[in-house]
Amino acid sequence: MSLRMRSRPTMGTNASLRPSTERRFAQRARRRRLLSLRPLLICLALAGLVALAGWVVLGSTLLAVHTVSVSGQSRLGVGTIKNAALVPAEKPLALLDTAAIRRRVEALPQVKSAIVERAWPSTVRITVVERKPVAVVQRPGKPLALIDNTGVLFADVPSVPSGLAVLSLATPGPADPATVAALAVEAALPAKVRTMVSLISAPTPASVTLTLAQGVTVVWGDAGNSARKAQTLAALLKVQAQQPVTTDKQGHPIAAKKATVYDVSSPNVATVR
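Per this note's numbering, residue -9 is the first one in the sequence shown, and the count goes up by one each step.
Below, the structure written as structure tokens:
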């Protein structure tokens, strides 16, 4: 009876295969470690980019204030507005308090409103709306002052500018009822009539009086029904201007008696005397 012997790998063969297998396992392990680290590496890269972007925006002068532009002004100088704005030079635009700048500009009496904007990469843009004068205020013991339609006095003037009427007021201002009444009357006047007005007096809100050219007085009363009163006054002035010329027995023209007082305080029963 014969016995068959199974062949076994020799020790030399095992030794030659082991390093190759170990290298493969090591390479696979390294790849697995790299794959597991990929999310962390991506997060670190993103964090670095965010930090860099934050430094550029908030910490560097690349996106900081280098220029201040001003527009919308006419009476005020650009330098006056910039001095009031106090925009900090070289401050990052992202950290700029535009609301505070706007408040400082609007504190100027001549400025009605202002808009402050960031214009990237390095400019602050200021746009102002100046107050527009609608009349000149006459105050006891004080210089003439321009007033806007809201009742704000915003600039002293040495004389009355052309086209503006004079308001005679004791305590002019936005909260003064007499000021509000006088401005409402002035706004209601037709352009042709407004050019004839030299003085609007309002000692009280209910006693507004207009002085026209050649000393004609218009008793207006309060500011109620001002549009209707303005129409009545314009009609009365037109009638007076169209009065026919009369003559005496010798044919000489007789000057027509001119009215000196127009009372439109009750527009439905206006009187002339």
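Where is the CB? At the ideal position from N, CA and C, for every residue including glycine.
Which value, in whole angstroms, describes the spacing of the CA atoms of residue 158 and residue 76?
Taking the Cα positions, residue 158 is about 37 angstroms away from residue 76.
Tell me the DSSP secondary structure of residue 100 in three-state form.
Residue 100: coil per DSSP, three-state reduction.
Quick one: what does DSSP say residue 140 is sitting in, helix, strand or coil?
Note: residue 140 maps to coil in three-state DSSP.
If you compare alpha carbons, which of 178, 125, 138 is closest to residue 224?
178
Rounded to the nearest angstrom, what separates residue 79 and residue 114 at their Cα positions?
10 angstroms
Measuring straight from C-alpha to C-alpha, what distance separates residue 132 and residue 147?
CA-CA distance, residue 132 to residue 147, rounds to 11 angstroms.
Measure the alpha-carbon distance for residue 219 versus residue 190 and round it to whole angstroms.
15 angstroms
Once you ignore the five residues that flank residue 175 on each side, which residues in its own chain have a CB closer than 7 angstroms to its CB?
190, 198, 210, 213, 216
Using the Cβ count rule (16 or more neighbours within 10 Å means buried), how would you classify residue 103?
exposed
Expressed to the nearest angstrom, what Euclidean distance is found between the alpha-carbon atoms of residue 112 and residue 164?
The alpha-carbon separation between residue 112 and residue 164 amounts to approximately 39 angstroms.
Could you check if residue 205 is buried or exposed, using at least 16 other CB atoms within 10 Å of its CB as the buried criterion?
Here residue 205 is exposed, its C-beta having fewer than 16 other C-beta atoms within 10 Å.
State the CB to CB distance for the pair residue 134 and residue 142, rounded to an integer number of angstroms; the pair is presumed to be in contact (CB under 8 angstroms).
Contact flag wrong, Cβ pair sits at about 15 angstroms.
Using three-state DSSP, classify residue 178 as helix, strand or coil.
helix
Suppose contacts are defined by Cβ-Cβ distances below 8 angstroms. Is residue 195 in contact with residue 145 by that definition?
no
What span of residues does the beta strand (DSSP E) with residue 115 cover, start to end?
113 to 120
Need the endpoints of the beta strand (DSSP E) that residue 199 sits in, please.
The continuous beta strand (DSSP E) containing residue 199 extends over residues 198 to 202.
Check the C-beta distance from residue 81 over to residue 55 and give it rounded, since I have them as a contact under 8 angstroms.
About 5 angstroms separates the beta carbon of residue 81 from that of residue 55, a gap short enough to meet the 8 angstroms contact definition.
Taking 8 angstroms as the threshold (C-beta atoms), are residue 117 and residue 67 in contact?
no
What is the residue span of the beta strand (DSSP E) that residue 189 lies within?
187 to 191
With a Cβ-Cβ cutoff of 8 angstroms, do residue 230 and residue 248 count as a contact?
yes
Rounded to the nearest angstrom, what separates residue 201 and residue 180 at their Cα positions?
15 angstroms
Would you give the residue range spanned by the beta strand (DSSP E) that residue 57 belongs to?
57 to 61
Should residue 253 be labelled buried (16 or more other beta-carbon atoms within 10 Å of its own) or exposed?
buried
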